[in-house]
Amino acid sequence: MDYLAALSAYEIEEWLVINNIGNQELYLISILLLFALLIVFVAKKYRVPIVVGYVFLGILLSPDVVSILPIMDHNLAETYSLLLSNLDYLTQIALAFIAFTIGSELSIKTIKRLGKSIFYIALFESLSAFIVVTGIIYLLGYPLFMALLLGAIASATAPAATVMVLKEYKAEGPLTSTIMAVVGLDDALALIIFSLINPIAYSHYQGGGAIAFKDLVFYPLTEILGSIIIGLVFGYLAQYLLTIYSEKTRKILTVVTTIVFSAALSTFWGFSALITNMAVGFAVRNFAKKNLQISEELDTLTIPLYALFFIIAGTEIRFSEMTSAAFLILAFTYLIARIIGKVGGSTLAAKISDAPLVVKKYIGLGLLPQSGVAIALAYSVQKQYAKDPEIGLLIFNTLLLTAALTEVIGPLLTKYAVIKAGESQTEN
């Protein structure tokens with residue numbers, strides 16, 4: 001590495017040409033997986049959720065941190081940032097598997113058993129987060145359109161970290177089932193809220209005026225219904241094949257192909273890959289007439305994929321763009337307001353719907369992580385407001401910082417909740 005640091009700009013370019021982009025990606029992925037293995041040992045020793053270690057590692061490997069190392073010059077730092085951005089396809093695949101996992105947990109029998117509380121909690125916590133964040137950000141003096149956008153994005157909950165913690169601690173029980181069902185519905189609700197609010201916010205940004213019906217209702221509903229239809233069709237076909245096959249290899253390849261192909265097709269047609277694969281998972285779980293026996297193999301298969309996903313999520317943080325007092329006030333106000341909305345809304349809904357006691361007490365603690373969908377929505381806002389980059393960048397950076405914080409805090413609180421509820425099979 002000392003040799004690389006001493007190379008001239010020309011020699012670095014030559015080295016990069018020789019070591020083509022494919023090789024460089026291979027080097028980076030191998031290093032990330034090696035670090036992930038070390039994180040597993042450390043997390044197990046100190047009894048910390050592994051996902052927290054992954055995210056924290058990602059923060060330490062973010063370009064802003066790595067670029068200050070003595071061995072890094074400008075060219076190497078830029079190359080490193082480029083290599084990380086090229087791993088975006090891995091995060092898309094990981095999100096597809098996460099969405100499938102959530103959908104496969106939405107058993108009709110479980111939903112019937114838990115009853116209306118699931119829908120009450122999902123609706124209340126999403127709308128409460130939207131209302132509280134929008135109101136407080138607007139009262140801070142920010143424009144209404146910015147408050148609306150941040151409020152709409154605040155309604156989203158990242159299922160990945162929560163799901164991983166529940167699986168790590170082998171959690172089972174009413175709280176676990178409710179959390180899984182709610183985070184499954186949450187992203188769909190968040191996409192609906194954002195799709196409805198975004199055109200209203202943009203209209204305010206442009207000075208007001210009428211909003212076309214197709215922009216407010218038709219396009220959002222088309223995206224959601226299209227995603228669900230694709231997912232149900234592919235999910236039904238997949239479970240049919242899985243019922244016929246007895247060989248593990250065929251079963252796993254069928255599931256993986258279905259998940260990735262569904263994500264690709266829905267993205268190509270402009271639909272939501274997340275909702276599509278939630279529908280795939282739901283169809284596979286509920287249309288099958290027998291246990292398909294794929295969950296263990298799929299869980300094992302996705303371990304390295306999830307590790308890379310959370311590490312890459314952590315690298316997204318940009319400390320260099322988050323130093324002003326005004327930004328920090330906005331970010332932490334957003335963070336606190338969202339927590340109030342999520343915890344308050346879910347707890348109120350649990351009481352109104354007469355949910356089990358453990359759900360009333362701890363449900364809010366399992367709904368705090370925010371990355372994935374929220375960052376994707378913030379990124380789309382940044383692109384939409386490209387002519388006014390300060391606005392888009394402010395929203396994007398706010399989500400990056402708060403997502404990183406909730407990806408660390410959220411899993412710890414989820415672990416606490418399932419242990420206190422007596423639903424962890426590995427710890428008391």
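The opening residue of the sequence shown carries number 1 in the UniProt record's numbering; numbering runs sequentially from there.
By construction, the Cβ of each residue, glycine as well, lies at the ideal position given by its N, Cα and C atoms.
List the whole-angstrom C-beta distance separating ASN286 from ALA99, where the pair is believed to meet the contact cut-off of C-beta under 8 Å.
Against the sequence shown, residue 286 aligns to sequence position 286. Against the sequence shown, residue 99 aligns to sequence position 99. The distance from the Cβ of ASN286 to that of ALA99 is about 16 Å, inconsistent with a contact at the 8 Å cut-off.
In whole angstroms, what is the alpha-carbon distance linking GLY392 and LYS112?
Within the sequence shown, the letter at position 392 stands for residue 392. Within the sequence shown, the letter at position 112 stands for residue 112. Taking the straight line from one Cα to the other gives about 42 Å.
Would you mind reading off the limits of the alpha helix (DSSP H) that contains SER104?
As a working mapping, residue 104 is identified with position 104 in the sequence shown. 88-105 is the extent of the alpha helix (DSSP H) around SER104.
Measure how close the beta-carbons of ALA283 and GLY231 come, nearest whole angstrom, since I'm counting them as under 8 Å.
Here residue 283 is taken as the residue at index 283 of the sequence shown, counted from 1. Here residue 231 is taken as the residue at index 231 of the sequence shown, counted from 1. Your pair ALA283 and GLY231 checks out as a contact, with CB atoms roughly 7 Å apart and the cut at 8 Å.
Separation of ASN75 from ALA9, as counted between CA atoms:
The residue you call residue 9 lines up with position 9 of the sequence shown. The residue you call residue 75 lines up with position 75 of the sequence shown. Its pLDDT being 49, under 50, ALA9 is placed unreliably by the model, and the measurement read from it follows with that caveat. CA-to-CA, the gap between ALA9 and ASN75 works out to about 7 Å.
Output the distance between the C-alpha atoms of LEU280 and VAL233, rounded to the nearest integer angstrom.
Taking the first residue of the sequence shown as position 1, residue 280 is located at position 280. Taking the first residue of the sequence shown as position 1, residue 233 is located at position 233. Reading off the sequence shown, one finds Val at residue 280, where the question assumed Leu. Each residue's Cα considered, the two are about 8 Å apart.
Please state if the CB of LEU185 and the CB of ALA122 are separated by a distance shorter than 8 Å.
Residue numbering aside, residue 122 sits at position 122 when the sequence shown is read from its first letter. Residue numbering aside, residue 185 sits at position 185 when the sequence shown is read from its first letter. Contact: yes.
Which same chain residues, not among the five before or five after ILE409, have their C-beta less than 7 Å away from its C-beta?
One-based indexing of the sequence shown puts residue 409 at position 409. Only LEU368 meet the Cβ criterion.
Given a cut-off of 8 Å on the beta-carbon distance, is the pair ILE375 and GLU297 in contact?
Translated into the one-based positions of the sequence shown, residue 375 becomes position 375. Translated into the one-based positions of the sequence shown, residue 297 becomes position 297. No, they are not a contact pair.
Thinking C-alpha only, which one of ALA147, SER380, PHE218, THR398 is nearest ALA326?
Counting from 1 along the sequence shown, the entry for residue 326 is found at position 326. Of the candidates ALA147, SER380, PHE218, THR398, the one whose C-alpha sits nearest the C-alpha of ALA326 is THR398.
Spatial neighbours of ILE228 in its chain, beta-carbon cut-off 7 Å, leaving aside the 5 residues before and after:
In the sequence shown, counting from the first residue as 1, residue 228 sits at position 228. Excluding residues within five positions, the ones whose Cβ falls inside 7 Å are ILE275, ALA279.
Please go through the same chain and pick out, in chain order, the residues whose beta-carbon is closer than 6 Å to the beta-carbon of GLY366, but skip the five residues on each side of it.
Taking the sequence shown and counting its residues from 1, one reaches residue 366 at position 366. Residues of the same chain with a CB within less than 6 Å of the CB of GLY366, apart from the 5 flanking positions on each side, are THR162, ILE179, THR414, ALA417 in chain order.
I'd like to check one pair, SER155 with LEU106: are the Cβ atoms closer than 8 Å?
Your numbering for residue 106 matches position 106 in the sequence shown. Your numbering for residue 155 matches position 155 in the sequence shown. No, they are not a contact pair.
Would you mind sorting GLN206 into buried or exposed? The rule is 16 or more other CB atoms within 10 Å of its CB.
Residue mapping note: residue 206 aligns to position 206 of the sequence shown, counting from 1. Answer is exposed; the Cβ neighbour count stays below 16.
How many Å lie between ILE242 and PRO174 at the Cα?
Here residue 242 is taken as the residue at index 242 of the sequence shown, counted from 1. Here residue 174 is taken as the residue at index 174 of the sequence shown, counted from 1. Checking the sequence, you will find Leu at residue 242 rather than Ile. Going from the Cα of LEU242 to the Cα of PRO174 covers about 29 Å.
For ILE200 and LEU305, what's the separation of their Cα atoms in angstroms?
Looking up residue 200 in the sequence shown gives position 200. Looking up residue 305 in the sequence shown gives position 305. Spanning the two alpha carbons is a distance of roughly 37 Å.
Own chain partners of GLN92 with C-beta closer than 8 Å, once the 5 adjacent residues on each side are dropped:
Counted from its first residue, the sequence shown places residue 92 at position 92. Cβ within range, chain order: ALA263, THR267, ALA273.
Is it the case that the Cβ atoms of THR181 and THR110 are separated by a distance below 8 Å?
By 1-based counting over the sequence shown, the position of residue 181 is 181. By 1-based counting over the sequence shown, the position of residue 110 is 110. According to the sequence displayed, residue 181 carries Ala and not Thr. Result yes, Cβ atoms of ALA181 and THR110 sit closer than 8 Å.
Under the three-state DSSP convention, the category SER246 falls into:
Counted from its first residue, the sequence shown places residue 246 at position 246. In the structure shown, SER246 sits in coil (DSSP, three-state: anything other than H, G, I, E or B).
Taking only the alpha-carbon atoms, compute the straight-line gap between PRO143 and GLN425 and give it to the nearest angstrom.
Within the sequence shown, the letter at position 143 stands for residue 143. Within the sequence shown, the letter at position 425 stands for residue 425. The straight-line gap from Cα to Cα measures roughly 48 Å.
Using the beta-carbon count (16 or more within 10 Å), is PRO70 buried or exposed?
If you number the sequence shown from 1, residue 70 lands on position 70. Exposed, because fewer than 16 other Cβ atoms sit within 10 Å of the Cβ of PRO70.
Considering only residues of the same chain and omitting the five flanking positions on each side of LEU83, which have a CB-CB separation below 7 Å?
For the purposes of this step, residue 83 is identified with residue 83 of the sequence shown, where counting begins at 1. Closer than 7 Å at the Cβ level, and outside the excluded window around LEU83, lie GLN24, GLU25, LEU28.
Where does MET45 land, buried or exposed, given buried means 16+ other C-beta within 10 angstroms?
Within the sequence shown, the letter at position 45 stands for residue 45. The sequence given here has Lys at residue 45, not Met. Exposed: under 16 other Cβ atoms inside 10 Å.
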